[in-house]
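Okay, so here's the structure we're looking at.
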Amino acid sequence: MKQLLEAGLHFGHHARRWNPKMKPYIFGKRNGIFIIDLEKTLERLTVAYNAARSITESGKDIIFVGTKQQARPIIEEEARRCGAPFVTVRWVGGLLTNFNVVSTRITRLAELERILSNTQLAAPKKETLRLQREYRTLSKLFNGLQQLDRLPGAIYVVDPVREATAVAEARRMKIPVIALIDTNGNPELIDYPIPGNDDALRSIRLVTSHIASAVMEGKKQFETEVEEKTEAKADKEG
Numbered sequence: 002m003k004q005l006l007e008a009g010l011h012f013g014h015h016a017r018r019w020n021p022k023m024k025p026y027i028f029g030k031r032n033g034i035f036i037i038d039l040e041k042t043l044e045r046l047t048v049a050y051n052a053a054r055s056i057t058e059s060g061k062d063i064i065f066v067g068t069k070q071q072a073r074p075i076i077e078e079e080a081r082r083c084g085a086p087f088v089t090v091r092w093v094g095g096l097l098t099n100f101n102v103v104s105t106r107i108t109r110l111a112e113l114e115r116i117l118s119n120t121q122l123a124a125p126k127k128e129t130l131r132l133q134r135e136y137r138t139l140s141k142l143f144n145g146l147q148q149l150d151r152l153p154g155a156i157y158v159v160d161p162v163r164e165a166t167a168v169a170e171a172r173r174m175k176i177p178v179i180a181l182i183d184t185n186g187n188p189e190l191i192d193y194p195i196p197g198n199d200d201a202l203r204s205i206r207l208v209t210s211h212i213a214s215a216v217m218e219g220k221k222q223f224e225t226e227v228e229e230k231t232e233a234k235a236d237k238e239g
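Counting the sequence shown from 1 gives a position; my numbering is that position plus 1.
Pasting the structure below:
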C-alpha cells in the first residue's frame, strides 16, 4: 500500500473529467481532483497479476500497449525485461481483428532485417535505398512485435481511453484486457481493470513492472513444465 501511495496511484483526473462507472473505485475528492481508493487498486492489481501469470503459464503472449509519451519508454523497457511483444508508437488497426494480414508485414520486417544485415548484399544502390525505406517504415510500426506469431492471450494497456482501438479489437476477438485505468475510463470494457493514475511516470512504472514480473513468473513455469514433459517422454521412450 505504501508503494502505491508513494507512486501517486491515488491521484485521479479532475472531477469534470470522470466516468461515473469508476465510482466504485473512488475514495473521495480533494481540490477538484478525484482520489482513487488504493485498497481497491491493490485488490485489482493482485487479480490482474494472477491473471497475467496464468495466461503466460499456458504458453500465450501478452502484448504491452502504451503510446502516450510518458508510457512509451516504460512499456518498452518492461516488455523487453519479460520478453513480451509491445506497441509504443501507434496501434496498427487490424492487429488483432485482421491478424493474418498484419502478420505478413511483421514477417516482411524480419525478412528485410535479414536482407539488410547481409554484408554481401549485391543489390543496386537504388534497390538498397528502397529496402531501407521500407524497413524504416515497418520497423516504426512493428519493431516490438517481431516475436508475435499468433494472436496473444491478452493485452496489457496503459490508459484504455487513449488506446480505445486496441481495447475494442481485443473485445471483438474475446481477448482479455488488463489495464491501468484512471477515473475517466470505463472499467466495464476491461476484464482486469487496475484503478490508478495513468499519467504519472512512477505510477505507470509500478503497475507495469508488476505485470511484467507476473509474465516472467508465468513463462518460467511454462518452460519448466515443457522441460518436465520432454524429460518424461524421453525416459518413457528410453
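Every residue, glycine too, gets a C-beta built ideally from N, C-alpha and C.
When the options are compared against residue i, the one with the closest alpha-carbon
{"i": "A165", "options": "P153, V178 and G154", "result": "V178"}
{"i": "F223", "options": "G9, R17 and T57", "result": "T57"}
{"i": "G182", "options": "E232, R131, K41 and G95", "result": "Reading off the sequence shown, one finds Ile at residue 182, where the question assumed Gly. When only C-alpha atoms are compared, the closest one is K41."}
{"i": "R31", "options": "S118, K126, K175 and R17", "result": "R17"}
{"i": "G9", "options": "D150, D200 and K126", "result": "D200"}
{"i": "L39", "options": "Y193, M2, N20 and E78", "result": "M2"}
Residue i, DSSP secondary structure in three states
{"i": "L242", "result": "Here the chain covers residues 2 to 239 and nothing more, so residue 242 does not appear."}
{"i": "G13", "result": "strand"}
{"i": "V88", "result": "strand"}
{"i": "G145", "result": "helix"}
{"i": "P125", "result": "coil"}
{"i": "P161", "result": "coil"}
{"i": "Q71", "result": "coil"}
Residues that DSSP places opposite residue i in a beta bridge
{"i": "I156", "result": "I64 and V178"}
{"i": "K1", "result": "A question about residue 1 goes unanswered here, because the residues of the chain that appear run from 2 up to 239."}
{"i": "I195", "result": "L181"}
Contacts around residue i, its chain only, beta-carbon distance under 7 Å, and the 5 residues preceding and following it disregarded
{"i": "A215", "result": "Y50, A53 and R54"}
{"i": "R206", "result": "I75"}
{"i": "E189", "result": "K22"}
{"i": "V162", "result": "N185 and G186"}
Own chain residues within Cβ distance below 6 Å of residue i, not counting five before or after
{"i": "F65", "result": "I76, A80, A85, F87 and Y157"}
{"i": "R82", "result": "A213"}
Residues near residue i by beta carbon distance below 8 Å, same chain, minus five either side
{"i": "L113", "result": "L132, E135, Y136 and L139"}
{"i": "L149", "result": "D62, I64, P86, S104 and I107"}
The segment 37-49 in contact with the segment 60-68 per 3-pair CB rule at 8 Å: These segments do not touch.
The segment 159-175 touching the segment 134-141, judged by at least three CB pairs closer than 8 Å: Short answer: they don't touch.
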